[in-house]
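K.L.:
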Amino acid sequence: MNSDTNLFESGQGKQQSYREYGTGGKPVDTDIEANVEVVPGEITKDQPRIQHEDQLKRGLSARQVQMIAIAGVIGTGLFLGTGKSLATGGPASMLICYAIIGVIVYLTMIALGEMTAFIPIAGSFCTYATRFVDPSLGFALTWNYWFNDAVSTASDLTALQLVFQYWTDFPSWIISLIFWLFLIAINIVHVKAYGEMEYWLAFLKVITIIIFIIVGIVVNCGANSHHEYLGFHYWHIGDAPFVDGFRGFASVFVTAAFAYGGTESIGVTAGETANPSRTMPKVVRTVFFRIIAFYILSILIIGINVPYNYPGLSEGEAATSPFTLVFQLAGSKVAGSFINAVIVTSVISAGNHALYAGTRLMYTLGMEGYAPKFVSKLTKNRIPWVSLLITSLIAGLCFGSSFIGAGTLWTWLQNLVGVSNQLSWLSIGLTSIRFRKALAKQGKTDLLPYRNWTYPWGPWIVVVGCAVIILVQGWSAFAPWDVSSFFSMYIELFIMPALYVAWKLWSRSKVVKLDEMDLETDRYYPTPEEIARNEAEDNLKGWAKFRNAFVSFFV
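For reference, each letter of the sequence shown is one residue, going 1 to 555 in UniProt numbering.
(1) Suppose the cutoff is 6 Å on Cβ atoms and the five residues either side in sequence are ignored; what does the same chain contact list for residue 344 look like?
(2) What three-state label does DSSP hand residue 538 in the structure shown?
(3) Measuring straight from C-alpha to C-alpha, what distance separates residue 308 and residue 156?
(4) Return the first residue and the last residue of the alpha helix (DSSP H) that residue 504 is part of.
(5) Using only the alpha-carbon positions, how far apart do residue 329 and residue 223 sit?
(6) For the ligand MG, I want to know if residue 294 counts as a neighbour, meaning its beta carbon is within less than 7 Å of at least one of the ligand's heavy atoms.
(7) Quick test of the definition: if touching needs 3 or more C-beta pairs under 8 Å, does the segment 110-127 touch the segment 491-502?
(8) Excluding the 5 residues flanking residue 534 on each side, which residues of the same chain have their C-beta closer than 8 Å to its C-beta?
(9) So within the segment 173-199, which uninterrupted beta strand (DSSP E) runs reach at least 3 residues, ignoring any that extend past its ends?
(10) Can you name the start and end residues of the alpha helix (DSSP H) that residue 114 belongs to?
(11) Would you mind working out which of 173, 177, 381 sits nearest residue 187, comparing C-alpha positions?
(12) Quick one: measure Cβ to Cβ for residue 80 and residue 299, integer angstroms, because I've assumed they're closer than 8 Å.
(13) To which residues does DSSP link residue 273 through a beta bridge?
(14) If we count Cβ pairs, one from each stretch, closer than 8 Å, do we get three or more for the segment 212-230 versus the segment 416-435?
(15) Give me the Cβ distance between residue 251 and residue 476, rounded to the nearest whole Å; I'm assuming they're in contact under 8 Å.
(16) Among the candidates 91, 103, 468, whose CA atom is the shortest distance from the CA of residue 289?
(17) For the alpha helix (DSSP H) containing residue 328, name the first residue and the last one.
(18) Using the C-alpha atoms, what's the distance from residue 121 back to residue 450?
(19) Apart from the five residues just before and just after residue 242, which ones in its own chain have a Cβ nearer than 8 Å to its Cβ?
(20) Give me the DSSP bridge partner(s) of residue 481.
(21) Counting along the chain, where does the alpha helix (DSSP H) carrying residue 332 start and finish?
(22) Enumerate in chain order the residues of its own chain whose CB-to-CB distance from residue 301 is below 8 Å, with the five nearest sequence positions on each side excluded.
So, in structure tokens, the structure goes:
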């Protein structure tokens, strides 16, 4: 079939250079100024393959991407933020809120995985919003999420100051400066350097959380400093299990969103992932188990072992991290230093991932025409170095702690990132709905390498659920009235619509019609080698299949 597919830059009809992919998926530089003939479902080794000029290197292995998806984004939100959640909402509120956000995140990731397996690109859901909904939404979402990642990096660097206070009174800004420069160095060398570092740091977090869950169960059963069975005793003291009623319950949502935040950014790695049509669905399938094992179980263990009224629990310091307290209950004198060391590595890991994702989104802004083209300049290893430096400068917000205090700054940044995450999940749900409607309209649904089994109800739950949570989670800012909390909770609701309207007025963009939606550009066609490897994996059974799946996490 002939497809008169227009090739857009920034959604305004500007033609640009593309790369033709011929035999074996090897790129040949070429300029295409005419319509492209595409034959979906009838791929041969000699058929031209058209791909957007997304020149990033596919240097991330399936092993690295899967481990990053499992634990790469786990950081201060879980290790430090849970203390605040427990203190303000109580154990039951914390468990329920984290479970609700977990369901939303899982449904979001299934929807994103479906689109990413079909069109793997560094811009991920931000680019999908441009193509499948409206270029103005793509503009607003990409800038918003780029700022989210930059602020997340700043948040992690600020958290490092809090963590190091456990050991030393060394000037906090120097600590942030050292690790700020370290993260820049890791990200500018090669994408493999980022991937390998994230793999091992994520692996350490997995081991630590497994140990924590085991220790937590043992402590609760009586092997604690009090030598008594705890059970659910702390669910029946004071105002527990629901502290401060609905006000306390609602306040936990933003902290939970901050803790889960970054899960969706794994889609950004698709542009640099080998065999993405097979790897990304594997990554999505791990999300459910990660939510259950690392979040829900950890939250339950914290709620039954740590009282909500423990002194200083909401201050976000390592000395009163729920993880530290559980280890101390086990009678470990070095618990504080141990968990502190783990938190340091976790914060570095989360900051590294946020800086990586933010850099790729700034690169996408340049490629889509939403930012000056020079931000898309690459090193010889195809690292967007200008985007990296710009994102790193915003991450320098962490140095503001010298003026307003690390604890206060971290709380503000946590709220900003949490709300931004929820807006991103809402946008992914909306984009997924439009994507599937366009596939059905154009008769291409059967071409999906991975299908969202929850469509259509799953994406709608994400859209409606996020909208409701965003509106109610700032309840505590109204009674009593708190200007600081109000702005940190709701300022994103003014910024993102303002970006949308501004670009709408500037570019005169329109909502993309279903029958005109571009579902071919950037679509990934596996190479013959990848097809052969995929078929070999599909033919595995029994022990051989299990062994292959297990080994894929390490090789």
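Just so you know, even glycine gets a beta-carbon here, dropped at the ideal spot from N, CA and C.
All values derive from a computational prediction rather than experimental measurement.
P.N.:
The relevant details are as follows:
(1) 163
(2) helix
(3) 25 Å
(4) Segment 492-507, the alpha helix (DSSP H) holding residue 504.
(5) 8 Å
(6) Looking at this structure, you won't find the ligand MG or any other ligand, since it has none at all.
(7) no
(8) Scanning its chain for C-beta atoms nearer than 8 Å, with the 5 sequence neighbours on each side dropped, one finds around residue 534 the residues 275, 278, 526, in chain order.
(9) none
(10) 81-118
(11) For the residues 173, 177, 381, the minimum Cα distance to residue 187 belongs to 381.
(12) Contact doesn't hold; Cβ gap of about 14 Å is too wide.
(13) 60
(14) These segments do not touch.
(15) So it is a contact: roughly 5 Å between Cβ atoms.
(16) 103
(17) 322-329
(18) 16 Å
(19) 89, 90, 92, 93, 248, 249
(20) 478
(21) Note, residue 332: premise wrong, no alpha helix (DSSP H); not H, not E.
(22) Excluding five sequence positions before and after residue 301, the CB atoms of its chain that fall closer than 8 Å to its own CB belong to 212, 213, 216, 217, 220, 326, given in chain order.
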